[in-house]
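With the working numbering as the guide, the letters of the sequence shown map in order to residues -18 to 179. Glycine is no exception: its CB is placed at the ideal position from the N, C-alpha and C atoms. Below is one structure, written out as structure tokens, with a few remarks after it.
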Amino acid sequence: MAPDIIPIQTRASRVKEAPSEFSVTVFEPKKARANRPKLPKVKRLAPEEDAKSDDNGDSDEADIDDIFSDARRRKRKVKEDPQTFDISRARKEVINFGISGFDRDTKHEAKVALAIKLGAKAPKNPYRNYKEILEERKRQKEDTDRENRRRKGQSFGAAKSFQQHQQRARQKASDPGSVTKHYGVVDPKIGDKKKRKG
């Protein structure tokens, strides 16, 4: 049989065995203390049981874990009376219900518009080429001009037909074989023979 192993004292083992003199002091503002959720009170143990728990060191670790925990500090919700009616909440529900009926693109636009109305910054417009913007403005201006002329009765079709009518009348008048070429027009040169001076 192997003899009993006797542990050798090393620096690390001495550090492990050394009593810890570490203590934590936390200062927190009154607001944080007021907002912190209150934990249920732990029953105080009898002195004998308290000594046992100190030997384990569980209570100190639990206190430290509680202080440095990342748990969110939530405000307790106040139970609302079912008889009261909140008009702003009802309005919000109606708006959300209306938005839910839209298709995907319109729903996104409606949500953005609602966020802007509630105070969010409007999203930036996408980049567009300046020449394209100028062309679009020119087209819009032409459309509005055309609309104005149409309202006033100066539509392009009427002006064009009047011009065609005048052109046809000119062609008829200048046609050499036209029957009505000299009808109703006094022209002294017609059939006028030049007299020779002799």
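Compute the Euclidean distance between the alpha carbons of residue i and residue j, then round it to the nearest angstrom.
| i | j | result |
| --- | --- | --- |
| G179 | Q148 | Note on G179: pLDDT 48, under 50, position unreliable in the model; no value is reported. |
| F66 | K58 | 17 Å |
| H89 | Q121 | 27 Å |
| Q100 | N106 | It should be noted that the sequence gives Gly, not Gln, for residue 100. Cα to Cα, the separation comes out at about 18 Å. |
| A(-7) | K11 | 42 Å |
| E9 | E(-2) | 33 Å |
| D124 | F143 | 22 Å |
| K102 | K112 | 28 Å |
| K170 | A150 | 23 Å |
| K73 | F83 | 16 Å |
| T6 | A15 | 18 Å |
| R85 | Q145 | 52 Å |
| K153 | R132 | 34 Å |
In the DSSP assignment, find the alpha helix (DSSP H) that holds residue i and state where it starts and stops.
| i | result |
| --- | --- |
| N202 | Residue 202 cannot be examined here, being either before or after the span of the chain that is shown, -18 to 179. |
| N110 | From DSSP, N110 is part of no alpha helix (DSSP H); its letter is neither H nor E. |
| D86 | 85 to 98 |
| E61 | Where E61 is concerned, there is no enclosing alpha helix (DSSP H), given that its DSSP letter is neither H nor E. |
Quick one: residues in its chain with C-beta nearer than 7 Å to the C-beta of residue i, no 5 flanking neighbours on either side, listed in chain order?
| i | result |
| --- | --- |
| N129 | none |
For residue i, I'd like the list of residues in its chain whose CB is within less than 8 Å of its CB, leaving aside the five on either flank, ordered along the chain.
| i | result |
| --- | --- |
| I80 | K88, A91, K92, L95 |
At a cut-off of 7 Å, would you count residue i as near the ligand PLP, judging by its Cβ distance to the nearest heavy atom?
| i | result |
| --- | --- |
| Y108 | In terms of ligand content, the structure shown is empty, and the ligand PLP therefore cannot be addressed. |
Comparing C-alpha positions only, which one of the options sits nearest to residue i?
| i | options | result |
| --- | --- | --- |
| N110 | Q64, A103, R118 | R118 |
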